[in-house]
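Numbering-wise, my numbering puts 167 at position 125 of the sequence shown, and it's gapless, one number per residue.
Structure, as structure tokens:
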Amino acid sequence: MVVAIDGPAGAGKSTVAKAAAKALGFTYLDSGAMYRCVALAATERGRHPAELAPELWIELGERVMLDGRDVTEAIRRPEVSEAASRVASDPAVRTAMVAGQRRLLADGDWVAEGRDIGTVVAPDAAVKVFLTASPEERARRRAVELGADASTVLAEQAIRDERDRTRAHSPLEPAAGAALIDTTALTLEEVVERIVELVREARSHAGTAGP
Ligand code: DC
């Protein structure tokens, strides 16, 4: 079964997706980390992202490995966030990443997190969730995470949001049939409980036992 969790930066996707995967006993897929790896490799190697993307060996797990090197921290740097947003608007990069993500999701139980999981990567996902939160709350969370100034994060976030939402290829939007969850005033436990409930419902519709 695939649980697709999409939404903008700072909506709580990573925290929620990791916690939901743990609660359900599913494997967590961080698709954004893949775009971040392409951005990091292209910058460091001075190569065109689209040309490089299909060649990269990306391993996701406790640590993120890029061609055998641990880049877990490096891909979270602000300049990599910025580059990843640009790289992710290239259709050829997206094609390569989506193919890799579909290969992974073909087998087993997953909680996959990103921007286009429910719309493009896995439109048949049993459960689709679109997480949102107010822009101020999203910036506040990111600022805490990065140890940065909230107003700077808010300004940068607005630029990236606009780019992610208006790009021609796979713009950020809720998938058909996605459950919208606004996390602004919810605790992590409440959001995870809602997702576990959606999985239970999906299983009972499919006629199998619940979690
Ligand atoms: O979720 P994140 O911040 O790690 O994502 C990094 C960038 O990659 C972000 O600009 C959005 C983009 N992205 C995407 O376009 N599609 C995905 N499935 C995941 C991330």
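Note that beta-carbon positions come from the ideal geometry of N, C-alpha and C, so glycine has one too.
heavy atom of ligand 1 below 6 Å from residue i C-beta
i: A125; result: no
i: A141; result: no
i: Y70; result: no
i: R118; result: no
i: R157; result: yes
i: G74; result: yes
i: A190; result: no
i: A62; result: no
i: A83; result: no
i: A51; result: yes
i: A6; result: The structure shown has nothing for residue 6, since the chain only spans 43 to 253.
i: A130; result: yes
Own chain, CB closer than 8 Å to residue i, minus 5 neighbours either side, in chain order
i: A75; result: I100, L102, V106, I117
i: V238; result: A62, A65, L66, P253
Range covered by the alpha helix (DSSP H) that runs through residue i
i: V169; result: First-last for V169: 169-174, but that is the beta strand (DSSP E), not the alpha helix (DSSP H).
i: A46; result: Per DSSP, A46 belongs to no alpha helix (DSSP H); it is in the beta strand (DSSP E), 44-48.
i: A63; result: 55-66
i: L196; result: 192-208
i: L230; result: 230-247
i: A217; result: Element bounds for A217: n/a, residue is neither H nor E.
Nearest-angstrom Cα separation, counted from residue j out to residue i
i: G49; j: R180; result: 11 Å
i: L71; j: D149; result: 13 Å
i: R184; j: D112; result: 23 Å
i: G110; j: D151; result: 26 Å
i: L82; j: A190; result: 21 Å
i: A51; j: L240; result: 23 Å
i: R144; j: D224; result: 27 Å
i: T229; j: A61; result: 12 Å
i: L94; j: R157; result: 21 Å
i: A167; j: T85; result: 34 Å
i: H247; j: F172; result: 21 Å
i: V129; j: G142; result: 16 Å
i: H211; j: L108; result: 25 Å
i: Q199; j: P165; result: 27 Å
Beta-carbon separation (whole angstroms), residue i vs residue j, contact threshold 8 Å
i: A244; j: V169; result: 5 Å
i: A46; j: A154; result: 6 Å
i: V135; j: A92; result: 5 Å
i: T174; j: L222; result: 7 Å
i: P213; j: R207; result: 6 Å
i: I159; j: S56; result: With a Cβ gap of about 13 Å, I159 and S56 do not count as contacting.
i: T226; j: S193; result: Their Cβ separation, rounded to whole angstroms, is 18 Å, which puts T226 and S193 out of contact at 8 Å.
i: A53; j: P96; result: No, A53 and P96 are not in contact; Cβ-Cβ is about 30 Å, not under 8 Å.
i: R209; j: S131; result: 4 Å
i: P120; j: L188; result: 7 Å
Where the beta strand (DSSP E) containing residue i begins and where it ends
i: L71; result: 69-72
i: A154; result: 152-156
i: L98; result: No beta strand (DSSP E) holds L98; DSSP gives it neither H nor E.
i: I223; result: 221-224
Other residues of its chain near residue i: CB distance less than 6 Å, five sequence neighbours each side excluded
i: V58; result: V233
i: A63; result: Y70, V153
i: R78; result: I117, V122, A126
Neighbour flag for residue i against chain B, beta carbons, 7 Å
i: P177; result: Absent from the structure is chain B; it holds one protein chain and no more.
Own chain, CB closer than 7 Å to residue i, minus 5 neighbours either side, in chain order
i: R236; result: I223
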